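Working notes for the structure below.
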Amino acid sequence: MAIDKAKVAIGFVAAGAVTLTFGLISAFTGPAMMRYQVGKNTMIDPKNDMSYTMWKDLPVPFFMSVYFFNVLNPEEVLKGEKPMVEQRGPYVYRKRCQKENITFHPNYTVSYREYRTYYFEPSMSVGNESDLVTVPNMLVLSAAVMMENLPYALRLLISATFKTFKEGPFLTKTVGELMWGYDSKLVDFLNQYLPGMLPSSGKFGLFAEFNNSNTGLFTINTGKDDIRKVHRVDSWNGLTQLSYWRTPQCNMINGTAGQMWPPFMTKESTLPFYSPDACRSLELVYQRTGEMLGIPLYRFVAPRTMFANGSQYEPNQGFCPCRQSGLLNVSSCRHNSPVFISHPHFFNADPVLQDYVLGLNPTEEEHGLFIDIHPLTGVPLNVSIRLQLNLYIKSVSGITETGKISEVVMPLLWFEESGYIDGPVLNTFRTNLVVLPTVMEYMQYLLIALGLVTVVVASVVHHKVKRSSNPVEVFSVTENPGVRKPARPDPNPNESIQISNVLILIKKHFCRKKYDLLQNQGFLGPDWTRNF
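Plus 27 on top of the position in the sequence shown (first one is 1) and you've got this note's numbering.
And the structure:
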């Protein structure tokens, strides 16, 4: 059965046109479809197992690494000399977070409490929880600053109380005791006669309030009505505004809860979040682009203005009273204790703070905080939040325990909360949100190119087939040059009679001169003219 090449070519033209059309449609609708799928898979919805599980129970391990500043010269500090410290650690704790009391509301919000528990990891630590560390005694030195303006006689009474309970300006305790609490008769006395003065009613420890506790009642947006609002805090403990600070702007609860952010980020985006531990909202800014195993990332870091004082950055005036730039005064939410937060080793702070304490060496690589986030989905893939806890100390007359201590912001410890996605979770994330979208993107261009090439090639073939199917015409050499006869294929035996008849007609109707001309020109062979 003969194949009709023209019809085959037309079929390829049609197929190419369909492929080209599909590719063009994909190119125009692909981005919209991708945004729809990303939005669908990033909103907080129990019907979406993957995104809901990732939000409810973080699938990656988080660790808190703690570094203590061991005071090497406590006696000299009491005489007014500069403190000399050495960094000890890290002492690493695995952090387990679990959301409970999850309640969805009709206004597209969800409420929950997140509980956190810490477990010591000896294999990841440099040292053990039994290591001894010498640090300033917060009970004594912070109380001295808080009671500086009390009558002198009352300050003498406070000093006598410290002596009664054998509390000095510095103490040496194990890492475990400093972290989670130690027995103190002074703590028991204060809790009995001055309840509420201390943050806890049991043992006194720097992180005693954090272990086996929750961060408060968060109500955040699910993103069902507007994906741009997903994870953003609607209220915290029923509040839409804080009361710790001096201006409405500083009291605002902005951004997310600090775990995920809305999708579709750009380099102009910021990462705002509310931190109950810092008692305020913070905001990170874009620094650079990177990648992790082929996954594109945006790195966001803390701007220099985050802990700048009010004189250097006017919007921070509401967080004052301020000291040097680079310190955040959190006394208003820490029982008025003179506690300050900063970057580790006073990174990005006023250099004078480093001059007051020996043994500090700030670098961005070791002490700068950052979040590496996938801009399309708003999911952090690598997190390192680094903060330092400091105590403002000074000599207070009447309280002899303070001796001649120079006025200084004393670093106590710094910690890093870090986590990153790896293993099967990272592979699944990469496949669903990087590989497949990339394949789809290149597929649409491949379809356009393939369709275009198919249409062009098939059209050329069809044109050639049509031309070859039409007869090629030549002019007969006759007396009348205007008469045309179609070319004929090679002669065969059945056509010999027709040729003879033609010759006879030529002989009868044309003059001999014309006949001789045809013969001389070779149009009539000698065998054909034998009878003439």
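Heads up, the beta-carbon is just placed ideally off N, CA and C, and yes, glycines get one too. The structure presented is a predicted model; accordingly, all values stated were derived computationally and were not measured.
Around Ile400, the same chain offers Tyr325, Pro407 as residues with beta carbons nearer than 6 Å, after the five sequence neighbours per side are excluded.
Burial state of Ser92 is buried, judged by a 10 Å Cβ sphere holding 16 or more other Cβ atoms. Ranked by Cα distance from Asp261, the first of Pro275, Tyr145, Ile280 is Ile280. In this structure, the CA atom of Gln351 is about 10 Å from the CA atom of Gly337.
Checking the DSSP bridge columns, you'll see Cys347 has no partner listed.
When the alpha-carbon of Arg273 is set against those of Pro342, Met287, Leu205, the nearest one is in Pro342. In the DSSP annotation of this structure, the continuous segment of the alpha helix (DSSP H) that includes Phe456 starts and ends at 450-457. Taking 7 Å as the cut-off, the Cβ atoms of Leu380 and Phe374 do not count as close.
Counting only runs of at least 3 residues, the segment 48-110 fully encloses the following beta strand (DSSP E) elements, listed from N- to C-terminal order: 89-98.
Relative to Gly243, the option among Glu127, Val482, Val112, Thr80 whose CA is nearest is Glu127.
Within the DSSP bridge table, the entry for Arg121 names Phe90, Tyr146 as partners. Listed in chain order, the non-local C-beta contacts of Phe89 below 6 Å within the same chain comprise Lys122, Gly446, local neighbours out to five positions each way being set aside. In terms of Cβ geometry, Val87 and Ile448 form a close pair [threshold 7 Å]. Taking 7 Å as the cut-off, the beta carbon of Phe300 is found no closer than this to the beta carbon of Gly317. Between the alpha carbons of Phe95 and Val202 lies a gap of roughly 8 Å. The residue from Ile247, Gln415, Leu387, Cys347 with its alpha-carbon nearest to that of Pro289 is Ile247. Residues His394, Arg413, Gln415, Trp441 of the same chain have their beta carbon placed closer than 6 Å to that of Pro371, with the five preceding and five following residues left out of the count. Bounds of the beta strand (DSSP E) holding Leu309 are 307-319.
By DSSP's assignment, Arg326 forms a beta bridge with Arg315, Asp399. For Ala335, same chain residues with a beta-carbon under 6 Å away, outside a window of 5 residues either side, are Asn343, Ser352 in chain order. In this structure, the straight-line span from the alpha carbon of Thr429 to that of Lys421 is close to 7 Å. Beta-bridge annotation (DSSP): Leu298 is paired with Leu311. Counting only residues of its own chain and dropping the five nearest sequence neighbours on each side, Ser359 has a CB closer than 6 Å to the CB of Tyr271.
Comparing C-alpha distances from Gly425 to each of Thr136, Leu183, Gly116 shows the shortest one belongs to Leu183.
The beta-bridge partner set that DSSP reports for Tyr135 is empty.
Contact between the segment 103-110 and the segment 456-464 is absent: fewer than three C-beta pairs spanning the two stretches fall below 8 Å. DSSP places Gly282 in the coil class of the three-state scheme, outside both helix and strand. A Cβ-Cβ distance of about 5 Å is found for the pair Glu194 and Val167, placing them in contact under the 8 Å criterion. Under the 10 Å beta carbon count, Leu387 is surrounded by 16 or more other beta carbons and is classified as buried.
Rounded to the nearest whole angstrom, the CA to CA distance from Asp382 to Gly154 is 29 Å.
Taking a contact as a CB-CB distance under 8 Å, the pair Thr249 and Thr136 counts as one, their CB atoms being some 6 Å apart. 7 Å or more divides the Cβ of Phe327 from the Cβ of Ile254. Minimum Cα-Cα distance from Val45 among the listed residues Glu295, Ser157, Ala476, Leu453 corresponds to Ala476.
Judged by DSSP in its simplified three-state form, Asn218 adopts helix. Residue range 179-191 is occupied by the alpha helix (DSSP H) that includes Ser186, with no beta strand (DSSP E) assigned at that position. DSSP assignment within the segment 370-397 yields the following whole alpha helix (DSSP H) runs of 4 residues or more, N-terminal first: 378-382, 391-394.
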